[in-house]
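A.B. asks:
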Amino acid sequence: MSGVRAHGERGCGQGGRRLRNESTSPDRPTAKTPYTDTPDLAERLRVLDPGESFIVQAPAGSGKTGLLIQRYLRLLACVNEPEEIVAITFTRKAAAEMRERLMKALVQSRITSHPTGIAETGYEKTTREAASAVLHRDIEASWHILENPARLRIQTFDSLCAWLTRQMPVLSGFGSQPETVEDATDLYLEAARAIVRLVEGEAVEEGVAHDTGRLLEHLDNDVERLEKLLIGMLARRDHWLRHIHGRERDELEAALRNTRHEVLRRVCGLYPVAARDELTALIRYATDNLAAAGRDSPIVAYEQCGDLTAFPGDDEQDTSRWQAVAALLLTREGAWRKQFTEREGFPSEPPARKNVAASWKERARVLVSLLAEKDTGSLREALDEVLHLPPSTYTDAQWEVLRSITRLLPHAVAQLKLVFQSRNQVDFTEVAQGALRALGDLHAPTDLALALDYRIHHLLVDEFQDTSISQYELIEKLTAGWESGDGRSVLAVGDPMQSIYRFREAEVGLFLRARAAGIGNISLQPVTLSANFRSQRGVVDWVNAAFSQVMPRRENITIGAVSYTDSIATHDLLTGSAVSLHPFFNDDRVAEAAKVVEIAAQARNERAATTAILVRNRSHLIDIIPRLREAGLRFRAIEIEGLGHRPVVQDLLALTRALAHPADSSAWLALLRAPWCGLLLADIYALASPNTVLSSDRSDVLQEEGASAPEGNPSVRAGIVWEWLSDETRLNSISADGRHRLLRVRDVLQACLNNRGRQSLRSTVEAAWLALGGPAAIEDPTDFEDAAVYLDYLEKQEDAGDIPSVAALEEGLGHLFALPDVKADDRLQVMTIHKAKGLEFDWVIVPGLGRSPRSNDKKLFMWMETVRSASGVRGAGGGNDLLLAPIQETGADEDSIYLWLEKLEGEKERLEDGRLLYVAATRARQRLHLLGSTSAALAKDGGLELKPPPSRSLLSRIWPVVAPEYAQAAARAISLGFVFQRGGGDGAGNCIDQSLRRFVSGWVLPPPPPPVRWLARPHTASAQGSVEYSWAGETARVIGNVVHRWLQRIATEGIEKWDVARIRVFRNTFRHQLVACGMILHGGEMDMALERVLTALTHAVTDPRGRWLLGPQQDARSELRMTTVAGGEYFDHVIDRTFRDANGQRWVVDYKTSSHEGADIEGFLNREQERYHVQLDRYANLMHLVDGQAVRRGLYFPLLKGWREWGDDG
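Here our numbering is used: position 498 in the sequence shown is 499, and no number is missing along the way.
#1: Enumerate in chain order the residues of its own chain whose CB-to-CB distance from Ile614 is below 6 Å, with the five nearest sequence positions on each side excluded.
#2: Helix, strand or coil for Ser298, going by three-state DSSP, please let me know.
#3: With distance defined between alpha-carbon atoms, name the residue in Ala59, Phe55, Asp1210 and Thr1103 nearest to Ser531.
#4: Would DSSP call Val790 helix, strand or coil?
#5: I believe Ala106 touches Ala413 by the beta-carbon criterion, under 8 Å. Please report the beta-carbon distance rounded to the nearest angstrom.
#6: Between which two residues does the beta strand (DSSP E) containing Phe1132 stretch?
#7: With C-beta atoms as the reference, is Gly643 less than 8 Å away from Gly849?
#8: Since Leu479 and Met169 should fall inside the 8 Å C-beta cutoff, what is the C-beta to C-beta distance between them, to a whole number of angstroms?
#9: What three-state label does DSSP hand Trp1047 in the structure shown?
#10: Return yes when the Cβ of Ala78 is within less than 8 Å of the Cβ of Ile155, no when it is not.
#11: Between Val1192 and Arg1147, which are expected to be in contact by the criterion C-beta below 8 Å, what is the C-beta distance as a whole number of angstroms?
#12: If contact is defined by three or more beta carbon pairs under 8 Å, each pair taking one atom from either stretch, is the region 579 to 596 in contact with the region 794 to 801?
#13: Extract the residue ranges of the alpha helix (DSSP H) inside the region 747 to 784, only unbroken runs of 4 or more that lie entirely within it.
#14: The alpha helix (DSSP H) with Asn1167 in it runs from where to where?
#15: Just confirm the distance between the C-beta atoms of Thr923 and Glu464, as a whole number of angstroms; I'd bet it's less than 8 Å.
#16: Scan the region 149 to 183 and note each continuous beta strand (DSSP E) run of 3 residues or more that stays entirely inside, going in chain order.
#17: Would you mind listing the beta strand (DSSP E) stretches within the region 590 to 646 that are 3+ residues and don't spill past its ends, in chain order?
#18: Which whole runs of the alpha helix (DSSP H) in the region 397 to 463 are 4 residues long or more, in chain order?
#19: Could you tell me how far apart the beta carbons of Gln324 and Pro299 are, in whole angstroms, since I believe they sit closer than 8 Å?
#20: Helix, strand or coil: which one does DSSP assign to Trp960?
#21: Compute the Euclidean distance between the alpha carbons of Leu46 and Leu68, then round it to the nearest angstrom.
#22: For the region 359 to 378 against the region 881 to 891, are there 3 or more C-beta pairs whose distance is under 8 Å?
#23: Work out the CA separation of Leu917 and Ser1224 for me, nearest whole Å.
#24: May I have the straight-line CA-CA distance separating Ala788 from Val387, to the nearest angstrom?
#25: Can you look up Tyr1197 in the DSSP assignment and give me helix, strand or coil?
#26: How is the beta strand (DSSP E) around Ile56 delimited, first residue to last?
#27: Note the first and the last residue of the continuous alpha helix (DSSP H) segment covering Tyr686.
#28: Are there three or more Cβ pairs, one per stretch, closer than 8 Å when the region 667 to 683 is compared with the region 728 to 748?
#29: Counting C-beta neighbours from all protein chains within 10 Å, is the total for Asn587 16 or more, i.e. buried, or is it exposed?
#30: When you compare only the Cα positions, how much space is there between Thr157 and Arg456?
#31: Excluding sequence positions up to five away, which residues of its chain have a Cβ less than 6 Å from the Cβ of Val551?
#32: Under a three-way DSSP split, which group does Ile140 fall into?
#33: Quick one: complete beta strand (DSSP E) runs, 3+ long, within the region 538 to 585?
#34: Determine the direct distance from the alpha carbon of Arg238 to that of Gly247, and round the result to whole angstroms.
#35: Compute every distance between the C-beta of Val1001 and the non-hydrogen atoms of the ligand FAD, then say whether any falls below 7 Å.
#36: State the CB to CB distance for the pair Asp467 and Ser500, rounded to an integer number of angstroms; the pair is presumed to be in contact (CB under 8 Å).
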């Protein structure tokens, strides 16, 4: 698929060499001059060569994005059109950041095209010189990039795939472009149910129905489980669909045999030759003793498989002997064995032979110590693999189920496509698959693929370690016709040590494979960066020392094993502890949460600019967030607290369910416990049991929350709760206070139920909530926003005033999150580790290291593609094998093949756990605090028994590094009198406040405000004043109005959606709006006004200051209208733009469309600042009254790209 023209006419093959020669010519400074303090200077300069392709490993803090920017600028200087370069990222935020930094580099280079007296870093100098070359090329080729930034093709994978499907709607299989949905679970469910229903409508003896019936039988006819399994498979269909077509039993069993041989070959090669004779002697001794004692042990199998004196090799018949060796040397958990007992063939002999027995045990311990000392982990892992090897063949039952699965799943995918068509919706996987179809086959490209081969000359891929199989195939197809030396290049940048998105189908093994073998025909030169520009030396040194032990020594493509690469700090060591470990024991979450709050407060006292609390799962914050609030530490939490977990939303949900379904007993009981009613448990029990009469001496029960009802509480069986509220017998059985509360609530709910069907459910729920006094129970102002979000969500979910499915309503609610604290700044942030990737903070706190994630759900079948070794990197080439195993039958013994693949999958997860902890640790610039708990108890001998943390916890990954500190902490605790008990921690529930929140007795809805009466205002003055246009004439006023209107629209839609090309599209619209505002349609004045509007808006979207003002900011508002009263007069104010910046600083900004001809622009801007000083101060005072923050003022002049700012001090 080679291109039509000769690539590199101007090309980056020759161009790259020209640039290198220029940088080292005698009359120019050498390229090394800018980077005298960078340890990996040579590698960074290599990557800037446009004529070569590279794969760059860029560890955390190494300046990856900056390197991408420099490479992009170098490429721009030597291409014919900017569109020949395509940069691909994973998120819109990353794409916007790359585009913004490119534009900033170009704008800055145009402003300072020559070195100034200001000190310039090496990176800044190299970037400026590269940007300057681009500007020269821009003028030469008339690109006008600064006015047309959309010509820079920086896209996400998803947007690129969507663009490809639009180019070839028929081949992609879409036709018209469907809607892409983020959560397609309901689509998968519909397809799964359609498949299951086939059992009813087709002869079960044949076809899909037979296969579905066979699977249902295998799963004990659990239809719901089969549907869930199908949903999981459909969500990941791009992983397995290519594997299951045309697979025969012989082929798959050959893969099993190859896998067994690969493991045997590996363990045979790893076991040291010098230790073979000693192992043979020990195992002969052990087998003799086990045989004499009649013990059943895998070790006995050694003597049953041939010559005891011959060391086992890598043949199939040696499998049992290696398993015997592994059973002798390793424990069941896969660790090196430390104790040898009669179970392993080392009995305690009679006194006469006691010395002999002790000698053999000591020899065994010495051998294991020797093996462990010299082993880097590989031999132990290989022996553990031997212990769990799968069989070499399938049973007939396994094969029948596997064949049914592989026949059924393609039909499920076909059914899903029908659902996509009927809903006109698709998921991202389908878009990616459509893009691949649009490009055709590698050997039969489509016209689109040929056209792209001509257009795209350079590809840059960011975060390459997170590519999925589909995305990797897309890159392969885009570069299928490329060859070395043809002027085209690929740059793949990423860090496999930060690959943490397996749940999004990321496969880090693809990075390792590309580094070892390239992509398609393209050979990639590997480059590894080492400089760390983020963290102080203490943090970097600790991370190097710790994670060189956490991550494996040898890389393995199959399971995604990534070895560690050291970083070199460029920042000096700070005083104090860079990394602090805080050990806890027995799941003491109360103490751990208190310590987190203490550290956060310490960070604030030491004036850390930013502090982050990073957790693996959101549930790990349940104990921490309440204590942060109690301590008065406001924090910003993005997508942390589920909306459904907020008390106000839980109350609204109960109210919704009760009003929609009066027979929903649990909803009604929850409603009666909500703050607006607040019935005690004793009253609810009495209400549910009309025959139970509470005597006066049980008043203590009425007051004591937590009193439990007797056995056999008939609350749910007694009937519909709503009916109880009209039953006088029941009402008379509860306390007087409870009756009063209940009657108030009953009257409100009766009116709402009578109104059902006459308005939307949202309106009914909202009216009921207000009438019950729901807002009075709110303590946090953010709760009002959360209530509004819930009501908006309810409005979207309801159908004709009803809820089609309560389960679907609650499931959808689980995907929504409570809004962050509007009064919090960015000094303290709370987020998951995954959300923190790419960010950095002065202080980082990582709690909950000792906690494990929930276990994964079973898959319908397990699959894994293994690559036979043919180089130093296991799996770098030598043929592929596919391993498949069906899910085990319900109630049957565990399937050994499935377990083998599940073990490999678990190893992948364990390795990613280490990388996840690495990501958390490397977010810290100055201080890192790690907190985690493990089990500890006093042993029988009075010593301390310190157990390793759970295997899937992050603490377990770093346990070899921190175990000594935990032992020391436990010993200190004992010396201070701390009592260790098994299970001594309070566990998950120790921070939950179970007290009842309710209105005070006798609470009534406050009276409404007096009705609004319209009075003609005597005079309304505009505080805006006429100062801006009075001196400039009517034309200036009209221009200002139009520009203000469009600046508001740009800010509202998002600055990233606007460029010069889009602004010019609206030229006629501007003309019409000028006329509507009073301009004369014809004449030179109209042309002048139109050009000023175009110039002002063009400057605003290209000027960095303008893009900052109009870009995404916190609490941003445009054209904010406010009214004040003074001296009996009403004053209207319109603030053009107000927001809080990244540092939490509040701004008020006014746009001024003033123009100035001639020199002394600075003097003109100073005079304008003086003119509008009072007006901006008035705006600042208004905003200070709103949120109590200090306010900075700003004047922005888009026609001049001018800016003036000042604070309270003027």
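Ideal Cβ placement from N, Cα and C applies to all residues, glycine included.
C.D. replies: Walking through what the data contain:
#1: Val831 and Ile846
#2: coil
#3: Ala59
#4: helix
#5: Not confirmed; about 49 Å, so no contact.
#6: Glu1130 to Arg1141
#7: no
#8: The pair is not a contact, with the Cβ atoms about 14 Å apart (cut-off 8 Å).
#9: helix
#10: no
#11: 5 Å
#12: no
#13: 762 to 773
#14: Ile1162 to Asp1188
#15: Rounded, the Cβ-Cβ distance is 15 Å, inconsistent with contact.
#16: 154 to 157
#17: 612 to 616
#18: 397 to 424, 429 to 440 and 448 to 456
#19: 5 Å
#20: helix
#21: 9 Å
#22: no
#23: As displayed, the chain neither begins before 2 nor continues past 1211, which places residue 1224 out of reach and without an answer.
#24: 57 Å
#25: strand
#26: Phe55 to Gln58
#27: Leu682 to Ala689
#28: yes
#29: buried
#30: 18 Å
#31: Gly915, Arg958 and Ile959
#32: helix
#33: 569 to 572
#34: 16 Å
#35: Inclusion of the ligand FAD in the displayed structure is not the case, the ligand content being empty and no account of it being possible.
#36: 6 Å
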